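Chemist: Add 1 to the 1-based position in the sequence shown for the numbering used here, that's all there is to it. C-beta atoms are modelled at their ideal positions from N, C-alpha and C, and glycine is treated no differently. All values reported here derive from a predicted model rather than from experimental measurement. So that we are looking at the same thing, I have put the structure below in structure tokens.
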Amino acid sequence: MKTVYVLLGLVFAIPSMFIYMRAILRHEIQPHPFSWLIWGVTSGVAGIAQLFSGGGVASWLTIMGALYNLCIVGFGFRTKRGSITMGDWGVFAVALLAIPLWIITHQPLWSVILVAFIDTTGYVPTFRKSWNNPEKESAGAFFVWGMATAFTLLALDSYALVNWLYLATQLTANMVLACLIWLRRRALVTIN
Numbered sequence: 002m003k004t005v006y007v008l009l010g011l012v013f014a015i016p017s018m019f020i021y022m023r024a025i026l027r028h029e030i031q032p033h034p035f036s037w038l039i040w041g042v043t044s045g046v047a048g049i050a051q052l053f054s055g056g057g058v059a060s061w062l063t064i065m066g067a068l069y070n071l072c073i074v075g076f077g078f079r080t081k082r083g084s085i086t087m088g089d090w091g092v093f094a095v096a097l098l099a100i101p102l103w104i105i106t107h108q109p110l111w112s113v114i115l116v117a118f119i120d121t122t123g124y125v126p127t128f129r130k131s132w133n134n135p136e137k138e139s140a141g142a143f144f145v146w147g148m149a150t151a152f153t154l155l156a157l158d159s160y161a162l163v164n165w166l167y168l169a170t171q172l173t174a175n176m177v178l179a180c181l182i183w184l185r186r187r188a189l190v191t192i193n
């Protein structure tokens, strides 16, 4: 059954990636580079922690997500140059300062707790951008990626906290962001 969940995770992850990349290339959306950089690093760390803590094949989905996130960073800097705020730099600095903390702990669980916190801070610039300009983000891609994350959770070989905490945090944040974008678009259409 775990193999089925991994395959279902891929069924959602791959289209989500293509939806998002296509929207970037069509200049329909503008990814926030700081969010994607933070997500790339945290997904990589969480995936490696899952791999070494018995997460099984699901760990590879998390690592695949990390590589995808890092690919988006370049697009984000290309399309986002003029609208990076001081607050975005502050969130990025907090995320970077937290990384040495998980290196010092040498404990996979504490590493994943800190990575989940860092990953969540990575949503702040994208939440801000999506609140101000919901049309410049893809609600569908975040929703579909959230579904992929749900199947990744189901595919874990071990449900130790170290394996599922990061994924649960990512699932929640993606779904909340998708809802924020949808609701904000509706509100702005109603106002106009």
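Run the CB neighbour count on residue 33, radius 10 Å, all protein chains shown included, and call it buried at 16 or more, exposed below.
Modeler: If you number the sequence shown from 1, residue 33 lands on position 32. Classification for residue 33: buried.
Chemist: Tell me which residues share the same chain as residue 1 and place their Cβ nearer than 8 Å to its Cβ, disregarding the 5 neighbours each side in the sequence.
Modeler: The structure shown does not extend to residue 1, since the chain is modelled only from 2 through 193, so no value can be given for it.
Chemist: Can you tell me whether residue 173 is helix, strand or coil according to DSSP?
Modeler: If you number the sequence shown from 1, residue 173 lands on position 172. The answer is helix: DSSP assigns residue 173 an H, G or I state.
Chemist: CA-CA distance, residue 161 and residue 52?
Modeler: By 1-based counting over the sequence shown, the position of residue 161 is 160. By 1-based counting over the sequence shown, the position of residue 52 is 51. Cα to Cα, residue 161 sits roughly 12 Å from residue 52.
Chemist: Please classify residue 90 as buried or exposed, where buried requires at least 16 neighbouring CB atoms within 10 angstroms.
Modeler: Counting from one through the sequence shown, the residue named residue 90 turns up at place 89. Its Cβ having fewer than 16 others within 10 Å, residue 90 is exposed.
Chemist: To the nearest angstrom, how far is it from the Cα of residue 13 to the Cα of residue 123?
Modeler: Locating residue 13 in the sequence shown gives position 12, where the first residue counts as 1. Locating residue 123 in the sequence shown gives position 122, where the first residue counts as 1. Cα-Cα distance, rounded: 22 Å.
Chemist: Please classify residue 147: does DSSP put it in a helix, a strand, or coil?
Modeler: The residue labelled residue 147 in the question sits at position 146 within the sequence shown. Note: residue 147 maps to helix in three-state DSSP.
Chemist: Verify whether the separation of the beta carbon atoms of residue 178 and residue 128 is less than 8 Å.
Modeler: Sequence index remark: in the sequence shown, residue 178 carries index 177 (1-based). Sequence index remark: in the sequence shown, residue 128 carries index 127 (1-based). Yes, they are a contact pair.
Chemist: Rank 115, 168, 8 and 40 by C-alpha distance to the C-alpha of residue 74 and give the top, closest one.
Modeler: Working through the sequence shown from its first residue, we reach residue 74 at position 73. Ranking the options by Cα distance to residue 74, first place goes to 40.
Chemist: The alpha helix (DSSP H) spanning residue 127 covers which residue range?
Modeler: Here the question's residue 127 lines up with position 126 in the sequence shown. Residue 127 -> alpha helix (DSSP H) spans 109 to 133.
Chemist: Going by other Cβ atoms of all chains shown within 10 Å of its Cβ, with 16 needed for buried, is residue 168 buried or exposed?
Modeler: What you label residue 168 is simply residue 167 of the sequence shown in a count that begins at 1. Buried is the call here.
Chemist: Rounded to the nearest angstrom, what separates residue 8 and residue 63 at their Cα positions?
Modeler: Here residue 8 corresponds to residue number 7 of the sequence shown, with the count starting at 1. Here residue 63 corresponds to residue number 62 of the sequence shown, with the count starting at 1. Their Cα atoms are separated by approximately 13 Å.
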